[in-house]
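K.L.:
Take this structure, written in structure tokens, and hold onto it; I'll ask about it next.
Numbering (my numbering), first residue to last: 155 to 263.
See below:
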């Protein structure tokens, strides 16, 4: 969906009925890079919007979403940032939103 501001929003319902929102704040305009103008945020069944909570963040093969973990701790968000936002795994699109939450809504990276 494209909003009148030009922002694009997509949704996906993941495990445990967690809803992922993919937001590109300026739509088709560049740079179209996760962590710069595109972010994934997650709506949990308890109403909390946060970064992705994995059942076991230490297990790189376990990508099961953990519903009971929201809200995440600052430490969990930092782990996500290191693992996914600036990590080498291009299939993980989370971690950047949590870093912005931790840094008082500022992009310090």
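Beta carbons are placed, not taken as given, at the ideal position from N, Cα and C, and that holds for glycine.
#1: Starting from residue 255, follow the beta strand (DSSP E) in both directions and report where the run begins and ends.
#2: Which residue comes first and which comes last in the beta strand (DSSP E) that contains residue 174?
#3: Are the CB atoms of residue 256 and residue 232 nearer to each other than 8 Å?
#4: With DSSP as the reference, label residue 220 as helix, strand or coil.
#5: Classify residue 187: buried if its beta carbon has 16 or more other beta carbons within 10 angstroms, exposed otherwise.
#6: Report yes or no: do three or more beta-carbon pairs, one from the region 191–199 and one from the region 174–181, lie closer than 8 Å?
#7: So, under 8 Å CB-CB, residue 265 and residue 224 are touching, yes? Tell me the CB distance rounded to an integer number of Å.
#8: Which residue from 218, 254, 249, 252 puts its Cα closest to that of residue 168?
#9: Evaluate residue 260 with the Cβ neighbour count: other Cβ atoms within 10 Å of its Cβ, from every protein chain shown; 16 or more gives buried, anything less gives exposed.
#10: Between which two residues does the beta strand (DSSP E) harbouring residue 165 extend?
#11: Please state the DSSP three-state secondary structure of residue 235.
P.N.:
Quick look at the numbers:
#1: From DSSP, residue 255 is part of no beta strand (DSSP E) but of the alpha helix (DSSP H) over 250–256.
#2: 173–178
#3: Against a cut-off of 8 Å, the Cβ pair of residue 232 and residue 256 comes out as a contact.
#4: coil
#5: Exposed.
#6: Judged by Cβ distances under 8 Å, the region 191–199 makes contact with the region 174–181, as three or more pairs qualify.
#7: Outside the shown range of the chain (155 to 263) lies residue 265, about which nothing can therefore be said.
#8: 218
#9: exposed
#10: 162–167
#11: helix
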